[in-house]
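There are 4 protein chains.
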Amino acid sequence: MKALVYNGPGLGVIEDRPKPVIQAPGDAVVKVLKTTICGTDLHILKGDVASCLPGRVLGHEGVGIIDSIGAGVTAFHAGDHVLISCISSCGKCEYCRRGMYSHCLTGGWILGNTIDGTQAEYVRTPHADTSLYPIPEGADEEALVMLSDILPTGFECGVLNGKVAPGSTVAIVGSGPIGLSALLGAQLYSPAEIIVIDVDDNRLEIARQFGATHTINSADGKAAESVKERTASRGVDTVIEAVGLPEAFLLCQNLVAPGGIIANIGVHGQKVELHLERLWSRNIAITTRLVDTISTPMLMKIVCSKKIDPSRLITHRFRLDDILKAYETFGNAADTKALKVIITA
Amino acid sequence: MKALVYNGPGLGVIEDRPKPVIQAPGDAVVKVLKTTICGTDLHILKGDVASCLPGRVLGHEGVGIIDSIGAGVTAFHAGDHVLISCISSCGKCEYCRRGMYSHCLTGGWILGNTIDGTQAEYVRTPHADTSLYPIPEGADEEALVMLSDILPTGFECGVLNGKVAPGSTVAIVGSGPIGLSALLGAQLYSPAEIIVIDVDDNRLEIARQFGATHTINSADGKAAESVKERTASRGVDTVIEAVGLPEAFLLCQNLVAPGGIIANIGVHGQKVELHLERLWSRNIAITTRLVDTISTPMLMKIVCSKKIDPSRLITHRFRLDDILKAYETFGNAADTKALKVIITA
Amino acid sequence: MKALVYNGPGLGVIEDRPKPVIQAPGDAVVKVLKTTICGTDLHILKGDVASCLPGRVLGHEGVGIIDSIGAGVTAFHAGDHVLISCISSCGKCEYCRRGMYSHCLTGGWILGNTIDGTQAEYVRTPHADTSLYPIPEGADEEALVMLSDILPTGFECGVLNGKVAPGSTVAIVGSGPIGLSALLGAQLYSPAEIIVIDVDDNRLEIARQFGATHTINSADGKAAESVKERTASRGVDTVIEAVGLPEAFLLCQNLVAPGGIIANIGVHGQKVELHLERLWSRNIAITTRLVDTISTPMLMKIVCSKKIDPSRLITHRFRLDDILKAYETFGNAADTKALKVIITA
Amino acid sequence: MKALVYNGPGLGVIEDRPKPVIQAPGDAVVKVLKTTICGTDLHILKGDVASCLPGRVLGHEGVGIIDSIGAGVTAFHAGDHVLISCISSCGKCEYCRRGMYSHCLTGGWILGNTIDGTQAEYVRTPHADTSLYPIPEGADEEALVMLSDILPTGFECGVLNGKVAPGSTVAIVGSGPIGLSALLGAQLYSPAEIIVIDVDDNRLEIARQFGATHTINSADGKAAESVKERTASRGVDTVIEAVGLPEAFLLCQNLVAPGGIIANIGVHGQKVELHLERLWSRNIAITTRLVDTISTPMLMKIVCSKKIDPSRLITHRFRLDDILKAYETFGNAADTKALKVIITA
């Protein structure tokens, strides 16, 4: 079968690989119908993700059809249409019992990282019963690819951790796909105001289309002042960091109101400065999270009941043969204005 | 009346001052019976607290008897024995309505800071109805002085924010009065293990007497390793920072388990490093808080029902005339082994 | 001044009364601009509310202008436009501190019950600082009359107590003003489905216009079966009782899913049957609540940001002179199709 | 093997049965070391539990040694010492994902009910990975039998649902094994007062030994008055129903304070009266629950760290051969003063 393989820093190539087989009773092999590319895949290709070794098939998102199942799988059968979660969960360990699937002792983020992933014609998914989700008949499967990772990530790490609430004020720093995903999720809780901050006017325009009540281009370094002005100097109740850079995290610290929360989504590659000399007495919380995908079934209902349309995140479409072009497009988002790309296997 | 006055960096003197008078309908004037000294008072004397100007009577803790009340005070009468909270709360503003008394728009920590405080024969307390607490008959008033600040601080900023729970594991970094206070409060929730970490063996011995299940002297720089060993490499569910220094906060980051909380109590004078490059995916929370004293009525019940005996924190006693000696004793805790001192007016 | 006075069962009359005066430092006298009639007012007129004695001016809802304030009032001044909460809250007692204003030891529901109310040209409001709310400039004051009681009642007793959540399923039993109010509030949390049940097709039609995803006329006694069918036999996560009759409460017990909540809003005049022989093992909760109006400031923001338009509840308008006609219209809702009436003083 | 078999109302007999075998990949067969009798077993023998058909081996509690495992079991191996939970949980279904193991779609309370149970030399346990718990070396296995059902039942249905908190007031109606179990669990949260109510002075004496701060014999019908007196007419924050009779549930309604919770544990065989005409405005909650045993790992830690000693519940010991005598002793608790009996296989 065809697969996109990471062969070391800078080397992503299409290879012919043997179709994966069941290795453990809980496994399923899934024929991939649609997959996508995540910012993390770009990091892997740059050589930034130490856990992912050369030779790995990339990809941790997608929808597909069950091809075969192991002896222990009870929830699925060959032919079932399924959503593949970016997080594999055994359902048995201490962390899974607490709903922290991201820290599953034999799972977590392994697809396209420590085991072969979804940017291929077939993928083996461990712990299938608790890591795949049945797709209701008639659902828009392309839209559901957004539920593998990006939508639950924005929702769990940003909206749930940030305790967005009716009437509250929210600032989202970063208007890329993940920030926009948080923006879609935040509206489920009817905050009074959602301010989106970025340096790219095009992305801010999209944020307004997606429901931002106000946008700020922070290129002039005055975003914090501007937010203070809009909030009678208080700051906002929830600040969502959707960038992953020290300066973005710094800005968040200047936006949060007393009693507020900074909910970090960004993948950080370096340490940041935390101004505890100002914040120690401000009754704030800072949260971090690798998505647990516990909200996947709920988001499935929300998408099926049309309260969120995640297909709005999809800007480009490719065939698996052209996945290198898809990487190029996604990697040059500033020029191509790409948000999420769909790859059809 | 006699009062301890801050007259600029390094200058704490006993002065004769006029007895305070009612200035607003919500005021009470309280005859101080017992007061104490807080670590913050030492900071003020060093000149570290910009909001506290020379000429200020210090002190934000104490018990006393109502001397007179303003026209709007309905909950108290002259002669009532009361606990004075370190936090003044109007009960009306947005923050007070949310239980964030520390950020009361016309209150918060003002006593011995922006208005004259309790290290005197009399003190004027604004917002008396919602900032004083009636003392039940027969209560140990000396012990209750610990409820003005230190016990609710350890409980709210450390135990409540840290979500200490039955069966959970807790590490407290810093075994001074505030760490010990958190230690007393944590036991109300029956955690399975409370590890106290400090560099002073004497203080660790006291921690064991106060209920620590394990203590670690961190002088050798191996505290994190030691905690990891005791917890099967997981770390602990709740880490309480009770020091206020960058290196202590750094240690906390190495102790927290996935899904855990770092609850900061320490007063920080400088920024700290936050290792988001390790923590972004660990599902942790960091909380800060200036005590709100919302737990004061509950802690009063707890103390009266003998579940906590805060008088164990009291190591020395002085008369108001000798308050400078009390400051000296409290300021040299390493030598004097002082925890909290009681000053009788 | 003119006032609607309860003079014993069946006797509501317009009388000339002296303008109220400040009695306590915390009082305000408010010139009433707009008021409305509540179902409870009808109960009083029938003689069903023992606490309300003959001679009482009725009414506990309204907006107005501050006429005069007591010496202790700090948040308001003569001329301020204010919303009058149906619940008076001292802000100081144990219950107010816990956010249970409805059980305030010197307040709660007293207006138009144990003291004179708002269906008059002027009303004296005790605990003004914590029982009145400033109206933002430019707000639709008529719409805000719905925030005195009915909107927070639906929201707090139904939506908050019922823990309505994104993607959840909700059933509202009763499509009168209070059920519709819960329906508006529930949508702030984006449930996947809101089923409204009533015996009046006209009211069900309005429910659909207000956002119900499905309606059921329960006249045939098959509402529970119908809900079970729609929910794969599970029942719904949140059932809101908005009727106040034993048979409605009985129906609720047949609608609730395992793990669900029955949130009672209805005012009950008699005991009900609770089928614990079926429910003891179903992991459900039943909640009751007299509205605390803690959500009033939040709902004010929500209304001002146009997320809810409560003026949709207003069906009829009268002048204070015609208030008896307003009572007649509101009391014959089945014929007049009245939801809420506005009375302009 | 020997087993206690229910052969129809009134007919419990010791029979020789074939040793159970693995039927599904997730099964384990456990050699039973210790088991006990539950009040529910008595109900079954009376013929009160329709789901349990004649021919059933009874018992849903116990500790044992893994004898054999199915192909899908990964957490256990032959020879492991395990605690058998009364609730079987698949770990995969919607309810298990939400922590509602009691409503597991293919599990729940099935042992000794719809499949053969633990009052035998061997038992087959479905969903072994998520329904058995490893016993730490050196633990008191007899004491751990109390963790199969009674201790988590008291804790989850009574203490957690009842939101027992530091400084709060608790009343437990019923001082039998389940009430005492709630009493032990409640103390993990340091309430200020725990009042236990029963009609049997002997049981009340035991309650005092187990930590009740006050006991009331309700035989004179004045328990509610007595509680009101002790609580300044407020009532208590948490009322735990541990009887399962209409009159006990009625008493609970007279004990609960405004804002309080009635947490039902009792197994009810008939409907009860709920006085909504008094309670609708009291801001209370009523909760029901079949134990989910989600707290079992936590309680294991608590027992191993000696914070609770559940062996105090054990009053009698028998060998499996004498299990009929054990039933007689347990069934005549009023005379034998039996709380829990241990049966050694």
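As they're listed, the protein sequences go chains A, B, C and D. End of the first sequence = 345 in our numbering, gap-free, step of one. End of the second sequence = 690 in our numbering, gap-free, step of one. End of the third sequence = 1035 in our numbering, gap-free, step of one. End of the fourth sequence = 1380 in our numbering, gap-free, step of one. Where is the CB? At the ideal position from N, CA and C, for every residue including glycine.
Any beta carbon from chain C within less than 8 angstroms of residue i's own beta carbon?
| i | result |
| --- | --- |
| Arg190 of chain A | It should be pointed out that residue 190 of chain A corresponds to Ser in this sequence rather than to Arg. Judged by the 8 angstroms Cβ criterion, Ser190 of chain A is in contact with chain C. |
| Ala420 of chain B | yes |
| Asn1318 of chain D | yes |
| Arg1302 of chain D | Per the sequence shown, the amino acid found at residue 1302 of chain D is Val instead of Arg. Judged by the 8 angstroms Cβ criterion, Val1302 of chain D is in contact with chain C. |
| Pro310 of chain A | no |
Identify the continuous beta strand (DSSP E) that holds residue i and give its terminal residues.
| i | result |
| --- | --- |
| Ala693 of chain C | 692-696 |
| Pro258 of chain A | 256-264 |
| Ser228 of chain A | The amino acid at residue 228 of chain A is misidentified as Ser; the sequence shows Lys. Not the beta strand (DSSP E): Lys228 of chain A falls in the alpha helix (DSSP H), residues 223-230. |
| Phe663 of chain B | 659-664 |
| Asp16 of chain A | 12-16 |
| Ser1225 of chain D | Note, Ser1225 of chain D: premise wrong, no beta strand (DSSP E); not H, not E. |
Less than 8 angstroms between CB atoms is the rule here; does residue i satisfy it with respect to chain D?
| i | result |
| --- | --- |
| Gly176 of chain A | no |
| Lys508 of chain B | no |
| Ile606 of chain B | no |
| Pro948 of chain C | yes |
| His771 of chain C | no |
Against chain B, does residue i count as a neighbour if the rule is that its beta carbon must be under 8 angstroms from one of theirs?
| i | result |
| --- | --- |
| Thr820 of chain C | yes |
| Lys271 of chain A | yes |
| Glu193 of chain A | no |
| Gly798 of chain C | no |
| Pro134 of chain A | no |
| Val239 of chain A | no |
| Ser102 of chain A | yes |
Are residue i and residue j touching if we call contact CB-CB under 8 angstroms?
| i | j | result |
| --- | --- | --- |
| Glu15 of chain A | His81 of chain A | no |
| Gly762 of chain C | Gly436 of chain B | no |
| Ile1300 of chain D | Glu1276 of chain D | yes |
| Leu151 of chain A | Ser175 of chain A | no |
| Glu501 of chain B | Ala690 of chain B | no |
| His43 of chain A | Asn113 of chain A | no |
| Gly260 of chain A | Thr231 of chain A | no |
| Gly828 of chain C | Ser871 of chain C | no |
| Tyr133 of chain A | Pro297 of chain A | yes |
Could you tell me how far apart the beta carbons of residue i and residue j are, in whole angstroms, since I believe they sit closer than 8 angstroms?
| i | j | result |
| --- | --- | --- |
| Thr315 of chain A | Leu339 of chain A | 5 angstroms |
| Ala212 of chain A | Tyr189 of chain A | Actually they are not in contact, since the Cβ atoms of Ala212 of chain A and Tyr189 of chain A sit about 15 angstroms apart, beyond 8 angstroms. |
| Asp637 of chain B | Met445 of chain B | 6 angstroms |
| Val926 of chain C | Val917 of chain C | 6 angstroms |
| Ile382 of chain B | Tyr672 of chain B | 6 angstroms |
When the cut-off is 8 angstroms and only beta carbons count, does residue i lie next to chain A?
| i | result |
| --- | --- |
| Thr633 of chain B | yes |
| Phe594 of chain B | yes |
| Gly749 of chain C | no |
Starting from residue i and walking both ways along the alpha helix (DSSP H), at which residues does that stretch end?
| i | result |
| --- | --- |
| Val648 of chain B | 641-649 |
| Leu276 of chain A | 276-279 |
| Ile382 of chain B | That residue, Ile382 of chain B, is in no alpha helix (DSSP H); it is neither H nor E in DSSP. |
| Gly1366 of chain D | 1358-1366 |
Three or more C-beta pairs closer than 8 angstroms, one from the stretch 940-952 of chain C and one from the stretch 964-980 of chain C: is that the case here? yes
Check whether the stretch 464-474 of chain B and the stretch 368-376 of chain B are in contact - that is, three or more C-beta pairs closer than 8 angstroms. yes
Cβ contact check for the stretch 849-862 of chain C and the stretch 872-887 of chain C: 3 or more pairs under 8 angstroms: yes
Would you check if the stretch 56-64 of chain A and the stretch 374-387 of chain B touch, i.e. whether three or more CB-CB distances between them fall below 8 angstroms? no
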